[in-house]
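J.: Quick note: the sequence shown uses this note's numbering, first residue 48, plus one each step.
Just so it is clear, CB atoms sit at the ideal spot from N, CA and C, and this is done for glycine as well.
Please read all numbers here as calculations on a predicted model, not as lab measurements.
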Amino acid sequence: MLKKGLTLPEIREIFRTKADKQLVEVLGKRLELSRLVEKLKREGRKTPDHIYNAQAEEERLNEAGAYAKELGINPYFVQAVLYLIICESCKAQMAQRDEALFGKAISAGAENPDEASGRSEELKRNLMALAGGWAENYDTRYDAKYFATRAHREYEEELLMREAALLDDREMALDIGCATGRVSFKLKKQFKLVVGLDISASMITKANVNQTGDSRVRFEWADVEKGIPLGDETVSLVNMNLGTASDIQKLPFVLTEARRVLKRDGIMFLSFYNKNALLHQLEFVPWEVSLAAEFNVDRDWLEVHSATGEKLAIYAKAYEAGELEGLLPKGVILTSWLTHPTISSILPDVIFEEEVVKTAIAEIDRRLAEDGYGAGAYIVAVAKKTG
48 MLKKGLTLPE
58 IREIFRTKAD
68 KQLVEVLGKR
78 LELSRLVEKL
88 KREGRKTPDH
98 IYNAQAEEER
108 LNEAGAYAKE
118 LGINPYFVQA
128 VLYLIICESC
138 KAQMAQRDEA
148 LFGKAISAGA
158 ENPDEASGRS
168 EELKRNLMAL
178 AGGWAENYDT
188 RYDAKYFATR
198 AHREYEEELL
208 MREAALLDDR
218 EMALDIGCAT
228 GRVSFKLKKQ
238 FKLVVGLDIS
248 ASMITKANVN
258 QTGDSRVRFE
268 WADVEKGIPL
278 GDETVSLVNM
288 NLGTASDIQK
298 LPFVLTEARR
308 VLKRDGIMFL
318 SFYNKNALLH
328 QLEFVPWEVS
338 LAAEFNVDRD
348 WLEVHSATGE
358 KLAIYAKAYE
368 AGELEGLLPK
378 GVILTSWLTH
388 PTISSILPDV
398 IFEEEVVKTA
408 IAEIDRRLAE
418 DGYGAGAYIV
428 AVAKKTG
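See the structure below:
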């Protein structure tokens with residue numbers, strides 16, 4: 048109980064020395080309990096439990112609102128504060144879980160090269176497993192349930208075709224990370240020859256099945272981190288779409304190789320995961336967003352849905368737009384970049400059941416991209432070889 052007759056300075060002193068500190072201490076205890084909950088869940092299960100339980104949290108919010116009413120406090124204020132606490136609690140649990148399950152980021156592993164190398168190989172094996180599982184149905188099922196990924200893929204392909212049409216020399220294009228050949232087949236409409244490369248033998252096998260004897264498209268297995276198997280100055284376009292540039296661990300080397308095979312005035316079409324995406328700025332949303340993969344900016348990996356619904360982590364590094372020029376080799380200049388999608392990437396997929404919503408949100412995301420807003424999930428960049 049507060050004593051009667053307190054002066055304004057005395058009340059301010061109570062806020063500063065007691066009330067605020069006690070509130071912070073309670074929040075600290077709350078987060079400590081949250082981390083203990085995550086630890087007990089992880090140790091008691093073969094597979095990690097979901098961090099966020101929508102039904103349980105809704106019940107907790109309702110109970111807090113009802114108790115606030117009893118005390119004569121605005122229930123919406125209490126629920127809003129508790130919601131923020133729940134979100135922070137979930138973030139703390141996720142960070143602790145990721146540290147326990149996955150360790151440090153690949154890029155932070157220099158102090159322990161063996162550990163970093165082992166983790167790198169594990170992520171590459173996961174990539175092979177994902178590609179093998181998806182190869183047969185990749186074109187029809189991979190992004191079928193994820194509107195934001197689907198809308199971005201379509202938008203990227205439009206941008207790519209637009210850039211390709213502007214080239215004077217369209218003898219040959221290179222599609223790195225071609226998967227089953229979807230983009231390669233689109234590029235053949237503008238080039239006399241398209242070469243698609245992928246590290247997954249399963250994807251290349253499926254791409255060759257899809258090829259049906261078209262001599263203008265050729266698919267080859269290749270690990271581009273060991274070199275691009277083409278001659279100097281042989282292609283006019285190097286494509287790395289849908290985040291492929293972020294999936295490459297030895298990106299500076301691969302970009303140097305891309306410069307080698309590019310003709311003068313040829314272009315690189317590069318897609319990265321955006322470190323400054325709105326989704327990452329929010330840090331936590333209490334639903335599964337409409338992206339087919341979830342990025343972890345702290346540990347350089349991407350959680351991708353497998354064909355069976357399981358999530359596997361693969362290497363991926365997010366970049367900021369300001370880093371792009373520094374990534375490019377000498378003789379290659381950045382000519383344009385944008386980010387996309389922004390709004391659809393933070394919303395649950397259930398929202399996109401109505402066509403009117405899909406159309407409206409897709410239009411907003413395109414306007415934001417073209418107006419220079421930099422918080423989309425992907426960075427799409429175009430670079431030109433000048434010498």
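Locate the beta strand (DSSP E) running through ASN184, then write down its first and last residues.
T.: Note, ASN184: premise wrong, no beta strand (DSSP E); not H, not E.
J.: Give me the DSSP bridge partner(s) of GLU243.
T.: The residue you asked about is not Glu; residue 243 is Gly in the sequence shown. In the DSSP output, where bridge partners are listed per residue, GLY243 has ASP222 and PHE266.
J.: Kindly indicate which three-state DSSP category GLY91 falls into: helix, strand or coil?
T.: GLY91: helix per DSSP, three-state reduction.
J.: Please name the residue, chosen from VAL271, PRO276, ASP312 and LYS65, that lies closest to GLN296 on a Cα-to-Cα basis.
T.: When only C-alpha atoms are compared, the closest one is VAL271.
J.: Between the C-alpha atoms of ARG197 and GLY369, what's the straight-line distance to the nearest angstrom?
T.: Between ARG197 and GLY369, the C-alpha separation is close to 26 Å.
J.: Which residues in the same chain have their Cβ closer than 7 Å to the Cβ of TYR189, if we skip the five residues on either side of it in sequence?
T.: Closer than 7 Å at Cβ, skipping near neighbours: TRP181 and ALA339.
J.: Buried or exposed for ILE251, going by 16 or more other Cβ atoms inside 10 Å?
T.: ILE251 comes out buried.
J.: Measure the alpha-carbon distance for MET219 versus LEU207 and round it to whole angstroms.
T.: Cα to Cα, the separation comes out at about 15 Å.
J.: Buried or exposed: which applies to GLY274, given that a residue is buried once 16 or more other Cβ atoms fall within 10 Å of its Cβ?
T.: When all chains shown are included, GLY274 counts as exposed.
J.: GLY243: buried (16+ other C-beta within 10 angstroms of its C-beta) or exposed?
T.: Burial call: buried.
J.: Below 7 Å between beta carbons: does that hold for SER247 and ALA178?
T.: Yes, they are a contact pair.
J.: Within the same chain, show all residues whose beta-carbon is closer than 7 Å to that of GLU330, passing over the 5 residues directly before and after it, in chain order.
T.: The residues are LYS138.
J.: For MET287, list the residues DSSP reports as bridge partners.
T.: Beta-bridge pairing links MET287 to LEU317.
J.: Within 10 angstroms of its Cβ, does THR386 collect 16 or more other Cβ (buried), or is it exposed?
T.: Counting Cβ neighbours within 10 Å, THR386 comes out buried, since at least 16 surround it.
J.: Hey, out of GLY419, GLY423, VAL230 and GLN69, whose CA is closest to LEU394's CA?
T.: Nearest option by C-alpha distance: GLY423.
J.: Could you tell me the boundaries of the beta strand (DSSP E) in which VAL429 lies?
T.: VAL429 -> beta strand (DSSP E) spans 425-432.
J.: Can you tell me the Cα-Cα spacing of LYS322 and ASN343, whole angstroms?
T.: In a straight line, the C-alpha of LYS322 is about 9 Å away from that of ASN343.
J.: Between PRO388 and ALA195, which are expected to be in contact by the criterion C-beta below 8 Å, what is the C-beta distance as a whole number of angstroms?
T.: Correct: roughly 5 Å between the Cβ atoms.
J.: Below 8 Å on the Cβ atoms is my contact criterion, and I expect GLY224 with ASP245 to pass it. Report the Cβ-Cβ distance as a whole number of Å.
T.: The Cβ separation is near 6 Å, so the contact holds.
J.: Measure the alpha-carbon distance for THR64 versus PRO56 and round it to whole angstroms.
T.: Using only the alpha carbons, I get a separation of about 12 Å.
J.: Measure the C-alpha to C-alpha separation of ILE61 and ILE408 and round it to an integer number of angstroms.
T.: If you take the alpha carbons of ILE61 and ILE408, they lie about 48 Å apart.
J.: Would the beta-carbon of VAL439 fall within 7 Å of that of ALA430?
T.: Residue coverage of the chain in this structure runs from 48 to 434, which leaves residue 439 outside it and unanswerable.
J.: Mind checking who VAL282 pairs with in its DSSP beta bridge?
T.: DSSP output for VAL282 lists LEU309 as bridge partner(s).
J.: Just verifying my parser: in three-state terms, what is the DSSP assignment at THR64?
T.: If DSSP states are grouped into helix, strand and coil, THR64 belongs with the helices.
J.: My assumption, with CB atoms under 8 Å, is that VAL308 sits in contact with LEU277. Please give the rounded CB distance.
T.: Indeed, because the Cβ distance is near 5 Å, the residues count as touching under 8 Å.
J.: Write down the C-beta distance between ALA360 and GLU367 rounded to the nearest angstrom, noting that I regard them as a contact closer than 8 Å.
T.: Not really, about 22 Å apart at Cβ, beyond 8 Å.
J.: Suppose the cutoff is 8 Å on Cβ atoms and the five residues either side in sequence are ignored; what does the same chain contact list for THR94 look like?
T.: The predicted position of THR94 is uncertain, since its pLDDT is 49 and thus under 50; no value can be drawn from it.
J.: Please state if the CB of VAL125 and the CB of ALA147 are separated by a distance shorter than 7 Å.
T.: Cβ atoms of ALA147 and VAL125: not closer than 7 Å.
J.: With DSSP as the reference, identify every bridge partner of LEU385, one or two as the case may be.
T.: According to DSSP, LEU385 bridges with VAL427.
J.: Report the three-state DSSP secondary structure of LEU74 (helix, strand or coil).
T.: Looking at LEU74 - three-state DSSP - the assignment turns out to be helix.
J.: Put LYS51 into one of helix, strand or coil per three-state DSSP.
T.: If DSSP states are grouped into helix, strand and coil, LYS51 belongs with coil.
J.: Suppose you measure from the CA of ASN286 to the CA of THR382; what does that come to, to the nearest Å?
T.: Near 15 Å, if we compare the C-alpha coordinates of THR382 and ASN286.
J.: Which term fits GLU158, buried or exposed, when burial requires 16 or more other beta carbons within 10 angstroms of its beta carbon?
T.: Any reading at GLU158 needs caution, since the residue's pLDDT is 48, under 50, leaving its predicted position unreliable; the model's value is listed next. Label assigned to GLU158: exposed.
J.: So what does DSSP say about PRO376, is it helix, strand or coil?
T.: Coil at PRO376, not helix or strand.
J.: I believe ALA254 touches PHE266 by the beta-carbon criterion, under 8 Å. Please report the beta-carbon distance rounded to the nearest angstrom.
T.: ALA254 to PHE266, Cβ: 4 Å. Contact.
J.: Sort out for me which residues DSSP pairs PRO395 with in a bridge.
T.: Answer by DSSP bridge pairing, in chain order: VAL336.
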